[in-house]
Amino acid sequence: MTLHKPVLPVDLVMKVESALRAAGVESSLSRQAQGELEALREAYTAELPQQLAGIALAVHQLRVAPSSAALRGVVRRRAHRVAGTAGSFGYDDIGDACARIEQGVLSLAHDERSGWREIEEAASRIAAFTSSGRAAAV
Numbered sequence: 108m109t110l111h112k113p114v115l116p117v118d119l120v121m122k123v124e125s126a127l128r129a130a131g132v133e134s135s136l137s138r139q140a141q142g143e144l145e146a147l148r149e150a151y152t153a154e155l156p157q158q159l160a161g162i163a164l165a166v167h168q169l170r171v172a173p174s175s176a177a178l179r180g181v182v183r184r185r186a187h188r189v190a191g192t193a194g195s196f197g198y199d200d201i202g203d204a205c206a207r208i209e210q211g212v213l214s215l216a217h218d219e220r221s222g223w224r225e226i227e228e229a230a231s232r233i234a235a236f237t238s239s240g241r242a243a244a245v
């Protein structure tokens, strides 16, 4: 079971419920709570493609102006936000890719080649995810 910071109570409940289901234990959540959790997941899933598009746009802008500290901050913050929430809704691969983008941006300051390689590889994973339509299907 993986939780990403910040850990929200709803995320913890969802992960515990998932682990219990996998172990064959009945849910202790009321139907209302289950419905509310599912609504949160659906809302997150609906807005995830837009968040990923925002990251892709910011990465593109950073390629054009690689010395811009402001753009580095934008890419890092957007990637950090998704890295911290995606895993809580079952998008572990996307969360990991966004964490790699964030780390790549931080690496640009001391190893530009390595930083860009990490950003590009992770951005490719996100592009493959969004072009396959998996965000809507999960």
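Per my numbering, the sequence shown runs over residues 108 to 245. Where is the CB? At the ideal position from N, CA and C, for every residue including glycine. None of these values were measured; they are calculated from a predicted model.
Using the Cα positions of residue i and residue j, report the straight-line distance between them to the nearest angstrom.
i, j, result
"Ala235", "Ala140", "33 angstroms"
"Leu119", "His167", "34 angstroms"
"Asp199", "Ala126", "15 angstroms"
"Gln157", "Thr237", "10 angstroms"
"Ser148", "Ile233", "Here residue 148 is Arg; the residue named in the question, Ser, does not match the sequence. Spanning the two alpha carbons is a distance of roughly 19 angstroms."
"His217", "Gly131", "49 angstroms"
"His187", "Ser137", "32 angstroms"
"Leu151", "Phe196", "In the sequence on display, residue 151 carries Tyr and not Leu. Spanning the two alpha carbons is a distance of roughly 8 angstroms."
Residue i and residue j look like a contact to me (Cβ under 8 angstroms); what is the Cβ gap, rounded to whole Å?
i, j, result
"Ser231", "Ser221", "Their Cβ separation, rounded to whole angstroms, is 16 angstroms, which puts Ser231 and Ser221 out of contact at 8 angstroms."
"Ile162", "Ile208", "7 angstroms"
"Ala190", "Gly202", "5 angstroms"
"Leu178", "Ala172", "6 angstroms"
"Ala229", "Ala204", "4 angstroms"
Taking the continuous alpha helix (DSSP H) assigned at residue i, which residues delimit it?
i, result
"Ser231", "219-239"
"Leu94", "A question about residue 94 goes unanswered here, because the residues of the chain that appear run from 108 up to 245."
"Leu155", "138-171"
"Ser174", "Note, Ser174: premise wrong, no alpha helix (DSSP H); not H, not E."
"Lys122", "116-129"
With a threshold of 6 angstroms, establish whether the CB of residue i neighbours any heavy atom of the ligand ATP.
i, result
"Ala129", "Inclusion of the ligand ATP in the displayed structure is not the case, the ligand content being empty and no account of it being possible."
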